[in-house]
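Only one structure is covered here, and it is reproduced in the block below.
Number of protein chains: 2
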Amino acid sequence: MDVRTICLGILSRGDATGYEIKKLFDEDGYQHFVEASFGSIYPALSRLTQEGMVSVRAESQEKRPDRKVYSITDTGRRAFLNSLMKPLPEDRHRSPFVFAMLFSHLLPHPRVVEMLDTYIGQSETKLAQLMEQKPQPQTEGDRFVLGYGRAVYIAIVNYLRHYRAELKGDAAEAAE
Amino acid sequence: MDVRTICLGILSRGDATGYEIKKLFDEDGYQHFVEASFGSIYPALSRLTQEGMVSVRAESQEKRPDRKVYSITDTGRRAFLNSLMKPLPEDRHRSPFVFAMLFSHLLPHPRVVEMLDTYIGQSETKLAQLMEQKPQPQTEGDRFVLGYGRAVYIAIVNYLRHYRAELKGDAAEAAE
DNA sequence: CCGATCTATATCGGACCAATATAGACGGAC
DNA sequence: GTCCGTCTATATTGGTCCGATATAGATCGG
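Protein chains in written order, with the numbering used here: chain A, 749 to 924; chain B, 749 to 924.
This is the structure in structure tokens:
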């Protein structure tokens with residue numbers, strides 16, 4: 749599942765610029781299980797254009813650089829659906845936070861608390877995004893992914909809050 | 749949090765070969781939130797050796813290629829702990845399965861069921877690994893990460909099983 | 001009116017992964 | 001008993017991907 753395929757998928761839901769594709773990952777709470785950087789999105793769109801998977805129209809605006817709006821072609825749509833019929837690559841996940849917590853016993857207590865609070869904040873923000881979503885998801889897929897995201901982030905936030913509360917107790921005991 | 753830092757962390761818990769480091773990610777149920785490939789582990793270990801962060805001893809075995817056992821040095825240990833004091837990079841996550849499910853309404857029903865069942869199987873395997881763990885984790889960090897992994901995978905498996913059950917109902921209705 | 005933030009495209013160096021090559025050991029099938 | 005698959009173990013390569021950075025006008029709050 750490379751960035752080219754992901755771009756095709758996004759474009760199959762509607763036209764977009766490279767910038768807008770990136771924004772979908774960051775903001776829209778679209779979901780937090782797929783992302784890509786500009787450094788791979790722009791080259792991907794160029795190559796997809798060469799391959800005839802997408803078409804571009806340059807909307808020249810007054811006193812602004814052109815907006816390059818990409819649309820998926822029939823070829824692209826077929827190629828995308830075809831790639832979904834083949835076995836999917838496995839998830840890749842790297843969480844520096846979780847890894848760092850493996851070594852909490854080697855770190856100063858305030859640093860551990862700081863790491864926890866930072867991560868709790870980030871997770872709560874993502875969860876809030878997923879909760880404030882429009883009540884009626886567009887497609888069945890949207891409904892599934894929204895529910896999935898909520899389930900995962902609720903579990904994460906619950907666990908972290910609980911652990912953080914335990915930690916407070918320990919700190920109080922240690923201070924006595 | 750690059751692969752070099754991750755290798756340092758692993759080695760701070762005990763000596764290992766490149767092969768063993770990789771195995772920890774795959775098997776040990778060590779945890780499913782950090783991984784790395786051979787293609788990045790071996791170069792990382794070479795460079796760490798050059799930099800004096802780790803040392804190597806080649807255990808030459810009879811009729812086998814040398815086992816290169818890596819040990820972390822004091823310099824490496826200090827550098828690693830120091831990197832944990834700086835702000836941590838954010839999680840990166842890419843789940844082809846979740847992305848593909850966004851388009852379930854465009855796919856044949858059997859394919860959707862197949863994707864779901866495959867992913868449920870994988871998640872159950874990981875959860876089983878996390879549950880059969882030795883009852884007494886080594887460090888506080890181990891305890892935290894084990895609990896975190898269990899919480900996340902329990903939520904995932906629950907949600908997927910529930911969704912899959914719903915789907916069965918739909919399919920039955922559609923067949924009538 | 002100044003700095004910050006936003007829209008928008010783009011590139012580069014370095015990091016990273018998947019696939020592949022090599023090679024002897026070991027265990028089970030037949 | 002020998003063949004096949006799997007396991008230990010190191011290593012490289014091609015290509016993908018990310019983070020940082022550059023550019024530049026718009027817009028907006030203080």
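Yeah, the Cβ is synthetic: ideal placement off N, Cα and C, and Gly gets one too.
What residues in its chain sit with their C-beta under 8 Å from that of residue 757 of chain A, if we drop five residues either side in the sequence? Indexing the first sequence from 1 puts residue 757 of chain A at position 9. Cβ neighbours of residue 757 of chain A beyond the five flanking positions: 828.
Proximity test, Cβ basis, 9 Å: residue 818 of chain B and chain A: Residue 818 of chain B sits at position 70 when you count from the first residue of the second sequence. With 9 Å as the cut-off, residue 818 of chain B does not count as an interface residue toward chain A.
If distances are taken between C-alpha atoms only, which option among A:912, A:823, A:854, A:852 comes closest to residue 869 of chain A? By 1-based counting over the first sequence, the position of residue 869 of chain A is 121. Distance from the Cα of residue 869 of chain A is smallest, within the candidate group A:912, A:823, A:854, A:852, for A:912.
Does the structure place the region 845-865 of chain B close enough to the region 779-792 of chain B that three or more beta carbon pairs sit under 8 Å? The region 779-792 of chain B makes no contact with the region 845-865 of chain B: fewer than 3 CB pairs, one atom from each, lie closer than 8 Å.
In angstroms with no decimal places, state the Cα-to-Cα distance between residue 855 of chain A and residue 864 of chain A. As a working mapping, residue 855 of chain A is identified with position 107 in the first sequence. As a working mapping, residue 864 of chain A is identified with position 116 in the first sequence. Distance between the alpha carbons of residue 855 of chain A and residue 864 of chain A is about 13 Å.
Alpha-carbon to alpha-carbon, residue 844 of chain A and residue 832 of chain B: Reading the second sequence from its first residue, position 84 is the one you call residue 832 of chain B. Reading the first sequence from its first residue, position 96 is the one you call residue 844 of chain A. If I take the Cα positions, the gap works out to 9 Å.
Is the CB of residue 749 of chain A under 9 Å away from at least one CB in chain B? Start at 1 with the first residue of the first sequence, and residue 749 of chain A comes out as number 1. Interface residue (Cβ-Cβ distance to chain B less than 9 Å): residue 749 of chain A is classified as such.
Under a CB-based cut-off of 9 Å, is residue 869 of chain B close to chain A? Mapped onto the second sequence, residue 869 of chain B falls at position 121. For residue 869 of chain B, the nearest beta carbon of chain A is not closer than 9 Å to its own beta carbon.
In angstroms, rounded to a whole number, what distance separates the CA positions of residue 824 of chain B and residue 817 of chain B? Locating residue 824 of chain B in the second sequence gives position 76, where the first residue counts as 1. Locating residue 817 of chain B in the second sequence gives position 69, where the first residue counts as 1. Rounded to whole angstroms, the gap between the alpha carbons of residue 824 of chain B and residue 817 of chain B is 15 Å.
Enumerated in chain order, which unbroken segments of the alpha helix (DSSP H) with a length of 4 residues or greater are wholly contained in the region 764-792 of chain A? Qualifying alpha helix (DSSP H) stretches, in chain order: 766-774.
Indicate the three-state DSSP secondary structure (helix, strand or coil) for residue 916 of chain B in the structure shown. In the second sequence, residue 916 of chain B corresponds to position 168, counting from 1. Residue state for residue 916 of chain B is assigned as helix, using DSSP reduced to three classes.
Which chain A residues sit within Cβ distance under 7 Å of residue 863 of chain B? Position 115 of the second sequence, counted from the first residue, corresponds to residue 863 of chain B. 836, listed in chain order.
At a CB distance below 9 Å, what residues from the region 758-769 of chain B approach chain A? Give them in sequence order. Those residues of the region 758-769 of chain B that come within reach of chain A (Cβ to Cβ, closer than 9 Å) are 760, 761.
How big is the Cα-Cα spacing for residue 890 of chain A and residue 896 of chain B? As a first step, residue 890 of chain A is located in the first sequence; it is residue number 142 there, counting from the start. As a first step, residue 896 of chain B is located in the second sequence; it is residue number 148 there, counting from the start. Residue 896 of chain B has its alpha-carbon roughly 26 Å from the corresponding atom of residue 890 of chain A.
Counting only Cβ-Cβ distances shorter than 7 Å, please list the residues of the region 837-862 of chain A near chain B, keeping chain order. Cβ contacts with chain B: 837, 839, 840, 841, 842, 843, 844, 845, 846, 847, 848, 849, 850, 851, 852, 853, 854, 855, 859.
List the endpoints of the continuous alpha helix (DSSP H) containing residue 834 of chain B. Counted from its first residue, the second sequence places residue 834 of chain B at position 86. Counting along the chain, residue 834 of chain B falls outside any alpha helix (DSSP H), and DSSP gives it neither H nor E.
Quick check on DSSP: helix, strand or coil for residue 871 of chain A? As a first step, residue 871 of chain A is located in the first sequence; it is residue number 123 there, counting from the start. DSSP places residue 871 of chain A in helix when its eight states are reduced to three.
What are the start and end residues of the alpha helix (DSSP H) that includes residue 815 of chain A? Here residue 815 of chain A refers to the residue found at position 67 when the first sequence is read from its first residue. Residue 815 of chain A -> not in any alpha helix (DSSP H); beta strand (DSSP E) instead, spanning 815-820.
Terminal residues of the continuous alpha helix (DSSP H) containing residue 752 of chain B? Residue mapping note: residue 752 of chain B aligns to position 4 of the second sequence, counting from 1. Under the DSSP assignment, residue 752 of chain B falls in the alpha helix (DSSP H) whose first and last residues are 751-759.
Who are the Cβ neighbours of residue 779 of chain B in its own chain at under 6 Å, not counting the five residues just before and after it? Numbered from 1 along the second sequence, position 31 holds the residue referred to as residue 779 of chain B. Closer than 6 Å at Cβ, skipping near neighbours: 893, 897.
For residue 922 of chain B, name the three-state secondary structure that DSSP assigns. Residue 922 of chain B sits at position 174 when you count from the first residue of the second sequence. A caution first: residue 922 of chain B carries a pLDDT of 48, below 50, which makes its placement in the model unreliable, though a value can still be read off. In the three-state scheme derived from DSSP, where H, G and I count as helix and E and B as strand, residue 922 of chain B is classed as helix.
DSSP three-state assignment for residue 799 of chain A, whether helix, strand or coil: Your numbering for residue 799 of chain A matches position 51 in the first sequence. DSSP, read as helix, strand or coil, puts residue 799 of chain A in coil.
Assigned exposure category for residue 750 of chain A - 16 Cβ within 10 Å defines buried: The count along the first sequence starts at 1 and reaches residue 750 of chain A at position 2. Under this definition residue 750 of chain A is an exposed residue.
I think residue 842 of chain A touches residue 752 of chain B, with their Cβ atoms under 8 Å apart; what is that distance to the nearest whole Å? To locate residue 842 of chain A, count along the first sequence from 1; it is residue 94. To locate residue 752 of chain B, count along the second sequence from 1; it is residue 4. About 14 Å separates the beta carbons of residue 842 of chain A and residue 752 of chain B, which is beyond the 8 Å limit, so they are not a contact pair.
Would you please verify whether the beta carbon of residue 902 of chain A is less than 9 Å from any beta carbon of chain B? If you number the first sequence from 1, residue 902 of chain A lands on position 154. Taking Cβ atoms only, chain B reaches closer than 9 Å to residue 902 of chain A, which makes this a yes.
Is the separation between the beta-carbon of residue 903 of chain A and that of residue 902 of chain B shorter than 9 Å? Sequence index remark: in the first sequence, residue 903 of chain A carries index 155 (1-based). Sequence index remark: in the second sequence, residue 902 of chain B carries index 154 (1-based). In this structure, residue 903 of chain A places its C-beta atom within 9 Å of the C-beta atom of residue 902 of chain B.
At a Cβ threshold of 9 Å, is residue 887 of chain B touching chain A? Walking along the second sequence from the start, residue 887 of chain B turns up at place 139. Closer than 9 Å: yes.
Chain A contacts made by the region 771-798 of chain B, where a contact means CB separation under 8 Å: Residues of the region 771-798 of chain B with a C-beta less than 8 Å from any C-beta of chain A: 779, 780, 781, 782, 783, listed in chain order.
Comparing C-alpha positions only, which one of B:900, B:910, B:765, B:915 sits nearest to residue 853 of chain B? Along the second sequence, one-based indexing puts residue 853 of chain B at 105. Closest option to residue 853 of chain B, judged by alpha-carbon separation, among B:900, B:910, B:765, B:915: B:915.
Measuring only the C-alpha atoms, how far is residue 880 of chain B from residue 860 of chain A? As a first step, residue 880 of chain B must be located in the second sequence, where it is residue number 132. As a first step, residue 860 of chain A must be located in the first sequence, where it is residue number 112. One C-alpha to the other measures close to 27 Å.
Give the DSSP-derived three-state secondary structure of residue 880 of chain B in the structure shown. Locating residue 880 of chain B in the second sequence gives position 132, where the first residue counts as 1. Coil at residue 880 of chain B, not helix or strand.
Residue 704 of chain B CB to nearest chain A CB: under 9 Å? This structure cannot settle anything about residue 704 of chain B, because the visible part of chain B is limited to 749 through 924.
Within the 9 Å Cβ cut-off, does residue 879 of chain B reach chain A? By one-based count along the second sequence, residue 879 of chain B stands at place 131. With 9 Å as the cut-off, residue 879 of chain B does not count as an interface residue toward chain A.
Pick from B:766, B:830, B:837, B:781 that is closest to residue 819 of chain B, judged by C-alpha positions: Stepping through the second sequence from its first residue, residue 819 of chain B is reached at position 71. Nearest of B:766, B:830, B:837, B:781 to residue 819 of chain B, Cα basis: B:766.
Spatial neighbours of residue 782 of chain B within its chain, please: C-beta separation below 7 Å, excluding the five flanking residues on both sides. For the purposes of this step, residue 782 of chain B is taken as residue 34 along the second sequence, with counting starting at 1. Around residue 782 of chain B: 754, 773.
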